[in-house]
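Structure first, then comments.
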Amino acid sequence: MTELKNAVVLVTGANGGLGREFVAQALARGATKVYATARVPRTAEEWGDERIVPVTLDVTDPKSIAAVADEADDVTVLINNAGASTGASLHSGDLAAARGLFDTNFWGQLEVTNAFAPVLAANGGGAILNVLSVLSWLGVADAYSATKAAFWSATNSQRLALAKQGTQVTGLHLGYTDTPMAADVETEKNDPADVVAAAYDGLAADAQEILADETSRKVKAGLAAPVEVLYASFTS
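If you read the sequence shown in the numbering used here, its first letter stands for residue 18, the second for the next number, and so on.
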């Protein structure tokens with residue numbers, strides 16, 4: 018189990034709606050320091066809390082990742098929250114945009130985890146929370162779905178590989194949530210505060226997978242059904 022009390026947390030993509038909640042709720046639960054990372058991080062003055070350390074991090078740049086891992090060598094909890102949704106397609110003649118999305122949503126996440134795994138081991142094992150999606154299981158979002166499906170698979174592999182060093186690896190699945198990334202989606206959305214609370218409760222309960230909402234629970238249960246059933250509402 019991973020409690021946030023006295024933890025040192027690093028949040029990627031800390032400027033977004035979920036990222037800010039991960040930072041705020043970690044501190045509310047007793048974390049002593051939170052590294053709030055982004056390509057263009059908010060300043061210390063903007064955060065307004067001396068326990069928050071703003072750090073520049075580009076998850077698509079291995080040199081940037083290595084530099085942050087060297088700086089933040091006291092981290093005990095890693096939140097892989099950074100991500101992008103660009104509308105890239107796997108079915109166009111030019112796959113450059115899809116490759117770019119994989120660089121952020123998949124390869125970048127692996128680079129960050131691999132850089133921080135030795136840090137976590139040195140600090141007692143700690144925990145990694147990977148922010149996935151209900152779209153890890155549904156291909157309706159084209160290249161974005163593919164990146165999240167790949168990251169889900171990698172999360173399961175990481176869990177096995179890092180168990181030997183005592184690192185808890187947990188996947189967080191959620192449906193549409195009221196963040197800037199989903200601003201153009203016209204449907205009922207989760208409150209980011211509820212999603213993050215469920216995530217941290219799951220870490221404390223030693224959960225290996227967290228289904229943050231009813232949508233995720235319903236789709237995960239539906240994976241046992243024939244694929245025609247899972248996609249019926251999208252193909253009829």
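We treat Cβ as the ideally placed atom computed from N, Cα and C, and that holds for glycine.
| Asked | Found |
| --- | --- |
| P58 in three-state terms, based on DSSP | coil |
| Short Cβ contact (8 Å threshold) for T93 with G143 | yes |
| Given D75 as reference, the closest of L228, L152, G100, A61 once Cα atoms are compared | G100 |
| Same chain, Cβ closer than 6 Å to G183, neighbours up to 5 away in sequence not counted | G142 |
| Which of helix, strand or coil DSSP assigns to K50 | strand |
| Within 8 Å, strictly: CB atoms of L95 and F133 | yes |
| Where the alpha helix (DSSP H) through L95 begins and ends | Where L95 is concerned, there is no enclosing alpha helix (DSSP H), although the beta strand (DSSP E) it sits in stretches over 94-97. |
| Same chain, Cβ closer than 7 Å to A160, neighbours up to 5 away in sequence not counted | A105, S106, L107, A115, L118 |
| Three-way DSSP call (helix, strand, coil) for P71 in this model | strand |
| C-alpha gap between D87 and L149, whole angstroms | 26 Å |
| Local Cβ density within 10 Å of S233, reported as buried at 16 or more and exposed below that | buried |
| Local Cβ density within 10 Å of P243, reported as buried at 16 or more and exposed below that | exposed |
| Alpha carbon of P209 to alpha carbon of P135, nearest angstrom | 30 Å |
| Alpha carbon of N98 to alpha carbon of V246, nearest angstrom | 31 Å |
| Whole-angstrom distance between F39 and T60, CA atom to CA atom | 17 Å |
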